[in-house]
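Trainee:
Structure follows, in structure tokens:
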């Protein structure tokens, strides 16, 4: 396989080049780490990304003064400086995508004085941008908050901000005791409420062309920037999903109870709180599924795709399986629609497996969830619910054979879901039976 050949060639050079900090070597180790992660080699990926992070630190790529050029700098110098800036932000962004409770981001926001990248046109022509944006929480943004929220942000800057938000959500979601912390999520001013408010306000302040719509997707497709655009809108939806998915057990328990409408006692959630959270959770799932379908409607067969897309497909399928099994979680979504999303997600993961071997583990996990439900699949599952190229027709024999031990319902561990993306390595068979099966709340 070509990927294996080039990975071996790159690894042969690594031991010699890792002690020679340079922009080229920083980029090389970053790309090697990405390739190894997609190939399922988490440990090598983590180590090589660590080398890239350390080189970026030694080169001071996180400091704005490193990019200072004379007023008469040539276009080639400007392009080189912008390339270095983008290298740092790609490393920071990638580390946020895969950060968690036990894998914190490598750079403290307090230490980052570098501004965000410029737009593609200025970069291509070697032009000094009129303005630059800043990442919220960094010294430039604290000194001038408008730099983090201005409508003139380029797509690259918005993408980095979106990934930074996801990093905050993932670190919160990945900590021990998910959904059982002392702080109630309905408490005004609590960390959960604050994160929800932050996601909402950031989305409201997004430039209009960066918000989700099929029209915007087509526009960015025309400029060959649709993958970056999708990484923005999908990560935003994913953040809104995961921050609520933490509490899925409480949601199911409450909405399955016959005493849901009783007056809340002290320390309990207000009436309709869990129903509202469930509605918001699955509304975000449906929108994320729409984005995936829209992408597959415009995707060329030989086109690559970001790893985050694969994880989004997995999350859609996982939560659609919950809804398929428990329609009371969101009554306005028909069980047949939930079934179509679940089975369609499984099919897409199978199609993407060749390009990203890591996705095979996620597909196996989704098979474990969907297997007991697929035995009673309705005819609707064989139809393409959106007509956008994400067909759900498939042979279910693989599902029927997979993980028959979970016959009473989806046995889905959230820690496993999150680890599948954050760590790039997961052995689902070792996790069977751990955690709570949603089937017990029937």
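In the UniProt record's numbering, the protein residues as written are 1 to 442. Glycine residues also receive a C-beta, built at the ideal position from the N, C-alpha and C atoms.
Is it buried or exposed, residue 317, if we count other Cβ atoms within 10 angstroms and call 16 or more buried?
Mentor: buried
Trainee: Could you give the distance in angstroms between the alpha-carbon of residue 187 and the alpha-carbon of residue 52?
Mentor: 41 Å
Trainee: Could you tell me the boundaries of the alpha helix (DSSP H) in which residue 91 lies?
Mentor: 75 to 97
Trainee: Can you tell me whether residue 138 is helix, strand or coil according to DSSP?
Mentor: coil
Trainee: Enumerate in chain order the residues of its own chain whose CB-to-CB distance from residue 239 is below 7 Å, with the five nearest sequence positions on each side excluded.
Mentor: 165, 166, 169 and 199
Trainee: Please name the residue, chosen from 66, 67, 27 and 59, that lies closest to residue 48 on a Cα-to-Cα basis.
Mentor: Nearest of 66, 67, 27 and 59 to residue 48, Cα basis: 27.
Trainee: Does the separation of the CB atoms of residue 109 and residue 137 fall below 9 Å?
Mentor: In this structure, residue 109 lies near residue 137, with their beta-carbon atoms less than 9 Å apart.
Trainee: Between the beta-carbon of residue 233 and the beta-carbon of residue 161, is there less than 9 Å?
Mentor: no
Trainee: Can you list, in chain order, the residues of its chain whose CB lies under 7 Å from that of residue 45, leaving out five sequence neighbours each side?
Mentor: Within the same chain, residue 45 has close Cβ partners 33, 36, 37 and 424.
Trainee: Apart from the five residues just before and just after residue 274, which ones in its own chain have a Cβ nearer than 7 Å to its Cβ?
Mentor: Non-local beta-carbon contacts of residue 274 in its own chain, meaning distances under 7 Å to residues more than five positions away in sequence, involve 250, 251, 254 and 255 in chain order.
Trainee: Taking 8 Å as the limit between beta carbons, can you name the residues of its chain near residue 87, skipping five residues before and five after?
Mentor: 23, 26, 27, 30, 56 and 61
Trainee: Below 6 Å CB to CB, which residues in the same chain sit around residue 289 once its five sequence neighbours on both sides are set aside?
Mentor: 316 and 341
Trainee: Let me confirm a value: residue 245 is counted as buried when at least 16 other C-beta atoms fall within 10 Å, else exposed. Which label applies?
Mentor: Residue 245 counts as buried, since no fewer than 16 other beta carbons sit within 10 angstroms of its beta carbon.
Trainee: Could you pull the start and end residues of the alpha helix (DSSP H) that residue 54 belongs to?
Mentor: 42 to 58
Trainee: Which residue's Cα is closest to the Cα of residue 41: 11, 364, 64 and 206?
Mentor: 11
Trainee: Which whole-angstrom value is the C-beta distance of residue 89 and residue 69, which I expect to be below 8 Å?
Mentor: In fact, because the Cβ distance is near 18 Å, the residues do not count as touching under 8 Å.
Trainee: Is residue 159 near residue 257, with beta carbons less than 9 Å apart?
Mentor: no
Trainee: By the 10 Å Cβ neighbour count, where 16 or more other Cβ atoms means buried, how is residue 363 classified, buried or exposed?
Mentor: buried
Trainee: Flag this pair as yes or no: are the beta carbons of residue 147 and residue 134 separated by less than 9 Å?
Mentor: Their beta carbons are under 9 Å apart, which means residue 147 touches residue 134 by this criterion.
Trainee: Check residue 118 in the structure and name its three-state DSSP category.
Mentor: coil
Trainee: Could you work out which residue in 209, 313, 284 and 323 is closest to residue 241 when comparing CA atoms only?
Mentor: Considering only 209, 313, 284 and 323, the residue with the shortest C-alpha distance to residue 241 is 284.
Trainee: Would you verify that the beta carbon of residue 325 is, or is not, closer than 9 Å to some beta carbon of chain B?
Mentor: Going by chain labels, chain B is absent from the structure shown, which holds only one protein chain.
Trainee: Which same chain residues, not among the five before or five after residue 278, have their C-beta less than 7 Å away from its C-beta?
Mentor: 251, 255, 329 and 330
Trainee: Report, in whole angstroms, the separation of the C-beta atoms of residue 303 and residue 324, which I expect to be a contact under 8 Å.
Mentor: Not confirmed; about 30 Å, so no contact.
Trainee: Are there 16 or more other CB atoms within 10 angstroms of the CB of residue 13, so buried, or fewer, so exposed?
Mentor: By the beta-carbon neighbour count (other beta carbons within 10 angstroms, threshold 16), residue 13 is exposed.
Trainee: By how many angstroms is the C-alpha of residue 349 removed from the C-alpha of residue 311?
Mentor: 9 Å
Trainee: Are residue 155 and residue 220 close, meaning C-beta to C-beta below 9 Å?
Mentor: Yes, the Cβ-Cβ distance between residue 155 and residue 220 is below 9 Å.
Trainee: Residue 17 to residue 54, Cα distance in whole Å?
Mentor: 13 Å
Trainee: Would you kindly report the start and end of the unbroken alpha helix (DSSP H) that includes residue 312?
Mentor: 307 to 325
Trainee: Using CA atoms only, rank isn't needed, just tell me which of 123, 114, 91 and 73 is closest to residue 79.
Mentor: 123
Trainee: Between which two residues does the alpha helix (DSSP H) harbouring residue 294 extend?
Mentor: 273 to 298
Trainee: Taking DSSP as the reference, what is the three-state secondary structure of residue 192?
Mentor: helix
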